[in-house]
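Peer 1: Chains as they are written, first to last, in our numbering: chain X, 1 to 501; chain G, 1001 to 1152.
The C-beta atom is built at its ideal place from N, Cα and C for all residues, glycine as well.
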């Protein structure tokens, strides 16, 4: 197997500038993860315009964003354990056993153990990514426009079957995203679509505007609505080392969590919230012989933590090799890549090895930095949890306004962001997830171009979509994914019951 | 309990109908896209029309079972929820005439106050954040920000 891209990547990631950028990203990421008000998507969305206007090269921006993503998966555990409020979606399961441990005066131990298992999961995921990426990119090299189109259908089918409890809402989200992507100039015919004669919409809806609107603005409104009353931070951390016994006990759980996390991460469209839930319920089924899960069992703490970190790395596999994001956050990163006019797909690894290699190498370095940041400095991050919302939320709004304004210096963008934010808030209240919209938006343009190219090749004959072996396999997989929620419907209710009991 | 679920599913239904209306409007709009030529057999109209049909079908499924939606805020909370976007709108419109510092102060001070800060702390927070972000973006990151006509 040819791993040259990785060794070259290390020379990119180990330059002074990129190391500092990575360190800053790890720090910001842990903060973003720890604060319940902002998750990895918000953090990344707010950083993209800043990185872009600072003139960072593509590989440095990717290193920064990847560090934030991984850092957020580390940081999420801090508020799960100390506040019993998950810092981000991937840390929901961490609270189930982490918070009981903290209430028993073992907060320090819980933070250390979960930090270690985060590290194992993260490194496992990075190794998997490094080995898997060239393989998959090699397989995908024979893809033509027709195969690409079917691959994206498969991505949406996976998404519909995995995210949330309501596939219809997920699919509606995808469709809305695809529709938003049609706004603007159509390159093949020169027609303006849905621009309402507004010149600022000629280039389509700005990606940053959509992401910041959907995530940050709507989040601010949700925080206002749910202003938590009476949440207390546990300040007694107890001893700050993990017991050797506990480490030994959680080895199996950590490794199983890492494997599950990586696999779920590789599947297109499914993120850390799914993988941590799957690994927790699996671990509970395997290990919970004495009914200690949910009461501070270290295995219930370490399994989902390893899983969400492995997922973050695994999610890069389809993003870097196929141009199909593995999670909501990688969808946003894909959008960032497109801002640099880099077309994602199987050629990326050969055309821009410094971007792919630098990113993969930075994940190894980032996980070491994150372990070093998160073990001794966990106290500092814990203190951040006491920053009041009346400082934090206005700060997020300022970053949103500046981020959107800075890319094109246009007030219209801010107004559009605001409108999208309000719609996002309404959709979220109705139980819609925002990630499918982003995924649809990011893939929408590529999907339409590939469909139209495929049909241009065949002269309008639709059977080209079903001709090659790859397309047929992908259609079958997509079909299987699409019917899965109906088969698993009765099982899901059972799983949720065991997870919360 | 049954009262809140029925009202929340009614909200879901209204949302579903709005999306159905969107699908129809989008489909009609898509079918009327004007173009001189197309280098591919589909042209710019077909994909939007397909998407409109897909969304419409999905909306019908959704309307059958809108699931649970969160109840709408009422009273004082509703006022606050409406106020935040309005304040964002105001500071966006003020950004270029009044400058970054003034419009960001308005935003951070007023939103901080809405989020429950005592008036004095909100003022301090607003001034502090306006200064902090101006320093971070203008000096550290070299991002262009409007100075406005208010302070020259």
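Just to confirm the assignment: which complete alpha helix (DSSP H) runs, minimum length 4, are found wholly within the region 126 to 159 of chain X?
Peer 2: DSSP runs (the alpha helix (DSSP H)) wholly in the region 126 to 159 of chain X: none.
Peer 1: Quick one: what does DSSP say residue 1035 of chain G is sitting in, helix, strand or coil?
Peer 2: Coil, per DSSP.
Peer 1: Among X/274, X/281, X/295 and X/353, which residue has its Cα nearest to the Cα of residue 314 of chain X?
Peer 2: Closest by alpha carbon: X/274.
Peer 1: Could you name the residues of chain G that residue 175 of chain X contacts, counting a contact when the two beta carbons are closer than 8 Å?
Peer 2: Ordered by position in chain G, the residues that pass the 8 Å Cβ test against residue 175 of chain X are 1051, 1054, 1055 and 1058.
Peer 1: Grouping DSSP H, G and I as helix and E and B as strand, with all else coil, what is residue 74 of chain X?
Peer 2: Of the three classes helix, strand and coil, the one that applies to residue 74 of chain X here is helix, per DSSP.
Peer 1: DSSP state of residue 1144 of chain G, grouped into three classes?
Peer 2: Residue 1144 of chain G: coil per DSSP, three-state reduction.
Peer 1: Taking the C-alpha atoms as reference points, what is the distance between residue 265 of chain X and residue 182 of chain X?
Peer 2: Rounded to whole angstroms, residue 265 of chain X to residue 182 of chain X spans 28 Å at the Cα level.
Peer 1: How long is the line joining the alpha carbons of residue 519 of chain X and residue 341 of chain X, rounded to whole angstroms?
Peer 2: Residue 519 of chain X falls outside the range modelled here, since chain X spans only 1 to 501, and no answer is possible.
Peer 1: For residue 185 of chain X, which beta-bridge partners are listed by DSSP?
Peer 2: The partner list for residue 185 of chain X (beta bridge, DSSP) reads X/192.
Peer 1: Taking Cβ-Cβ distances shorter than 7 Å, what residues in chain G pair up with residue 452 of chain X?
Peer 2: Residues of chain G passing the Cβ test: 1040 and 1042.
Peer 1: Closest Cβ-Cβ distance between residue 166 of chain X and chain G: below 9 Å?
Peer 2: It does; some Cβ of chain G falls within 9 Å.
Peer 1: Would you kindly check if the distance between the Cβ of residue 296 of chain X and the Cβ of residue 166 of chain X is under 9 Å?
Peer 2: No, the pair does not count as a contact, with Cβ atoms beyond the cut-off.
Peer 1: Closer than 8 Å by C-beta to residue 1096 of chain G: which residues in its own chain qualify, once you throw out the five before and the five after it? Chain order, please.
Peer 2: The answer, listed in chain order, is 1146 and 1148.
Peer 1: Given a cut-off of 9 Å on the beta-carbon distance, is the pair residue 73 of chain X and residue 90 of chain X in contact?
Peer 2: Taking 9 Å as the Cβ cut-off, residue 73 of chain X and residue 90 of chain X qualify as a contacting pair.
Peer 1: Just checking: is the beta-carbon of residue 273 of chain X within a distance shorter than 9 Å of some beta-carbon in chain G?
Peer 2: Output row for residue 273 of chain X: interface = no.
Peer 1: With residue 305 of chain X and residue 94 of chain X assumed to form a contact (beta carbons below 8 Å), what rounded beta-carbon distance in angstroms separates them?
Peer 2: 6 Å between Cβ atoms; contact.
Peer 1: Using three-state DSSP, classify residue 450 of chain X as helix, strand or coil.
Peer 2: It is helical.
Peer 1: Tell me the rounded alpha-carbon separation between residue 291 of chain X and residue 1118 of chain G.
Peer 2: Using only the alpha carbons, I get a separation of about 47 Å.
Peer 1: Could you spell out the range, first to last residue, of the alpha helix (DSSP H) harbouring residue 318 of chain X?
Peer 2: Segment 316 to 322, the alpha helix (DSSP H) holding residue 318 of chain X.
Peer 1: Is residue 1030 of chain G helix, strand or coil by DSSP?
Peer 2: Looking at residue 1030 of chain G - three-state DSSP - the assignment turns out to be helix.
Peer 1: With contact counted as at least three CB pairs below 8 Å, one residue from each stretch, are the region 335 to 353 of chain X and the region 282 to 291 of chain X in contact?
Peer 2: These segments do not touch.
Peer 1: In the DSSP assignment, find the unbroken alpha helix (DSSP H) run with residue 428 of chain X in it and report its ends.
Peer 2: Residues 411 to 429.
Peer 1: The alpha helix (DSSP H) that contains residue 104 of chain X, what's its start and end?
Peer 2: Segment: none, residue 104 of chain X is in no alpha helix (DSSP H) and carries neither H nor E.
Peer 1: With a 10 Å radius around its C-beta and 16 neighbouring C-beta atoms as the bar for buried, classify residue 956 of chain G as buried or exposed.
Peer 2: The question about residue 956 of chain G has no answer, for chain G in this structure spans 1001 to 1152.
Peer 1: Spell out whether any CB of chain G is found under 9 Å from the CB atom of residue 20 of chain X.
Peer 2: Answer no: the Cβ-Cβ gap between residue 20 of chain X and chain G never drops below 9 Å.
Peer 1: Please state the DSSP three-state secondary structure of residue 1115 of chain G.
Peer 2: In the structure shown, residue 1115 of chain G sits in coil (DSSP, three-state: anything other than H, G, I, E or B).
Peer 1: I'd like the list of long-range same chain contacts for residue 327 of chain X, defined as Cβ closer than 8 Å, with 5 residues on each side in sequence excluded.
Peer 2: 265, 269, 270, 271, 272, 311, 312, 315 and 435.
Peer 1: Here's the rule I'm using: 16 or more other beta-carbon atoms within 10 Å means buried, otherwise exposed. How should residue 1091 of chain G be labelled?
Peer 2: The residue in question, residue 1091 of chain G, is buried, as its Cβ has 16 or more Cβ neighbours within 10 Å.
Peer 1: Pick from X/234, X/309 and X/256: whose alpha carbon is nearest that of residue 286 of chain X?
Peer 2: It is X/256 whose Cα lies nearest to the Cα of residue 286 of chain X.
Peer 1: Beta-carbon within less than 6 Å of residue 32 of chain X's beta-carbon, same chain only, minus the 5 sequence neighbours each way: which residues are those?
Peer 2: Same-chain partners within the cutoff: 38, 43 and 72.
Peer 1: Report all residues from its chain with a CB closer than 7 Å to the CB of residue 23 of chain X; omit the five preceding and five following residues, and keep chain order.
Peer 2: Only 369 meet the Cβ criterion.
Peer 1: Residues in the same chain with beta-carbon distance under 7 Å from residue 1049 of chain G, minus the five sequence neighbours each way, listed in chain order, please.
Peer 2: 1027, 1030 and 1031.
Peer 1: Does any C-beta atom of chain G lie closer than 9 Å to the C-beta of residue 460 of chain X?
Peer 2: Yes, contact with chain G.
Peer 1: So residue 366 of chain X and residue 66 of chain X are supposed to be a Cβ contact under 8 Å. How far apart are they, rounded?
Peer 2: That pair is a contact at about 7 Å.
Peer 1: Going by the CB atoms, is the gap between residue 49 of chain X and residue 217 of chain X shorter than 9 Å?
Peer 2: Contact flag unset, no.
Peer 1: With 16 as the cutoff for other CB atoms within 10 Å, does residue 234 of chain X come out buried or exposed?
Peer 2: Label assigned to residue 234 of chain X: buried.
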